[in-house]
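One structure is given below, encoded as structure tokens.
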Amino acid sequence: MWPYIIKRLFMMIPTLLGVLTFTFLVTQFVPGGPVEHALGEMDHATARGGADGGPAEGGWTYSGRKGIDAAQVEQLTQLYGFDKPPLERYVLMVGNFLRFDLGESYFRNESVASLIQSKLGVSVALGTWTFILTYLISIPLGVAKAVRAGSRFDVATTVLVLFGYAVPGFVLGVLLIVLFGGGSFWDIFPLRGLVSENWDSLSPGAKVLDYLWHVTLPVTASVVSNFAIKTLMTKNTFLDELGKQYVLTARAKGLSERTILWKHVMRNALLPMITAFPITFISAFFTGSLLIESLFSLDGLGLLSYESIVSRDFPVVLGALYLFTLVGLIIKLLGDIAYVLADPRIKYDAQEA
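Take the position in the sequence shown, starting the count at 1, then add 2; the result is the number in the numbering used here.
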């Protein structure tokens with residue numbers, strides 16, 4: 003097992019380098035980079051300042067049709083490091099990332115590491131709720147559908163599962179806002195943030211209720227878009243196990259259906275679900291959070307990544323992607339280890355040999 007773990011750890015290096023290299027090439031050569039973005043903001047601000055009849059904020063002077071002064075362009079180019087050749091920028095970036103030095107944000111006057119740290123709590127909270135509730139719903143529902151396969155219950159819940167499978171979380175989030183967030187029908191739940199402005203003055207019990215009140219819509223949108231596949235996978239896995247010989251033997255020995263289902267079938271049926279843990283985790287914490295956090299104005303990593311992409315804040319984009327990739331690889335490795343612990347018959351060392 004240990005040789006396999008060590009090999010997987012070493013394999014993370016080329017994977018991280020590949021992701022960073024591709025993203026670096028895209029961000030460095032895409033039109034409308036940070037220099038152009040900053041120049042556009044300056045041009046807009048100075049034009050507005052000139053139109054008001056006074057100097058623009060920060061001492062910049064508007065030069066009318068002549069555009070931004072060349073010295074200012076050169077200053078911005080050096081500030082964002084674009085005065086260096088692309089290869090040198092790439093080598094510097096990789097060297098810094100190996101030391102977990104993610105650099106400084108172009109527009110926020112803060113290090114990327116501190117930005118990610120300050121936003122991480124929101125994404126972890128949303129992802130944890132999504133991950134836990136997804137499995138708390140999908141496993142019991144999938145088992146119930148397998149035991150009652152073909153019944154009215156199975157047919158009725160299949161409609162709900164297909165709805166969750168067909169409707170993306172972002173679309174469902176918009177629908178929830180329209181229905182319950184004061185869009186066109188009921189104004190029941192808040193639309194922004196995880197807590198109210200007066201949260202610090204609330205009692206402990208009121209704080210819990212306020213927090214749950216705020217997370218209801220985003221967590222619902224995220225869970226519904228995640229639980230459908232897990233429910234169907236659970237149902238199909240249990241149906242497959244229920245038809246195997248060891249189940250027939252257990253029934254012939256007089257074991258109760260409850261004992262057969264939860265003591266024997268559950269252990270074997272959990273193996274495919276364990277392999278899906280990493281994908282579910284990554285989806286709950288990172289992939290789905292990008293749109294959900296942006297939609298509900300949750301100040302987490304998803305919203306930070308979206309705003310950084312729009313503003314061409316490439317250090318933040320690269321730093322967030324580096325974190326997402328690294329955590330995803332580690333979670334995938336932990337999923338493989340959990341698979342071995344759940345089924346000792348799996349020997350990765352033997353497979354490697």
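Yeah, the Cβ is synthetic: ideal placement off N, Cα and C, and Gly gets one too. Note that the structure is predicted; figures quoted are calculated from it, not measured.
What's the call for residue i, buried or exposed, on a 16-neighbour Cβ count within 10 Å?
i: G61; result: Confidence is the limiting factor: at G61 the pLDDT is only 38, short of 50, which leaves the residue's position unreliable, though a coordinate-based value still follows. G61 comes out exposed.
i: W4; result: exposed
i: P88; result: exposed
i: I262; result: buried
i: M13; result: exposed
i: G152; result: exposed
i: E295; result: buried
i: I7; result: exposed
i: T17; result: exposed
i: L293; result: buried
i: T251; result: exposed
i: I15; result: exposed
Going by beta-carbon coordinates alone, are residue i and residue j separated by less than 8 Å?
i: P1; j: L128; result: No answer is possible for residue 1: it lies beyond the span of the chain, which begins at 3 and ends at 355.
i: T282; j: F133; result: yes
i: A278; j: F240; result: no
i: F109; j: D242; result: no
i: S299; j: G195; result: yes
i: S229; j: S125; result: Inspection of the sequence shows that residue 229 is occupied by Phe rather than by Ser. Going by C-beta atoms, F229 is not nearer than 8 Å to S125.
i: K237; j: A148; result: yes
i: L181; j: F187; result: yes
i: L11; j: F99; result: no
i: Y341; j: I284; result: no
i: L244; j: V217; result: no
Between which residues of its own chain and residue i is the CB-CB distance below 7 Å, once the five residues before and five after are set aside?
i: K121; result: D301, G302, L303, L306
i: L117; result: S107, R110, L306, V318
i: G123; result: none
i: V163; result: A230, T233, L234
i: D308; result: One point to set straight first is that residue 308 is Tyr, not Asp, in the sequence displayed. Hits under 7 Å: L292, S296.
i: K209; result: W201
Going by DSSP, name the residue or residues bridged to residue i.
i: S113; result: E106
i: D189; result: G183
Going by beta carbon distance, what residues of the same chain come within less than 8 Å of residue i, once the five residues before and after it are set aside?
i: P280; result: G330, I333, K334, L336, G337
i: P274; result: M235, T239
i: D212; result: V197, S198, W201, L204
i: L328; result: M14, L18
Kindly list the residues whose CB is nearer than 6 Å to the CB of residue i, restricted to its own chain and excluding five residues on each side of it in sequence; keep chain order.
i: Y92; result: F26
i: R150; result: D156
Give a yes or no on whether 8 Å exceeds the smallest Cβ distance from residue i to chain B.
i: F279; result: Structure shown: chain B not included; a single protein chain is present.
Original post:
Just checking, does the region 216 to 236 make contact with the region 168 to 178 on the three C-beta pairs under 8 Å criterion?
Top reply: Touching, yes.
Original post:
Does the region 229 to 236 come close enough to the region 140 to 147 that 3 or more CB-CB pairs lie under 8 Å?
Top reply: The region 140 to 147, when compared against the region 229 to 236, does touch it at the 8 Å Cβ threshold.
Original post:
Any chance the region 104 to 118 sits against the region 307 to 324, with 3 or more Cβ pairs inside 8 Å?
Top reply: Touching, yes, given that three or more Cβ pairs across the two stretches are closer than 8 Å.
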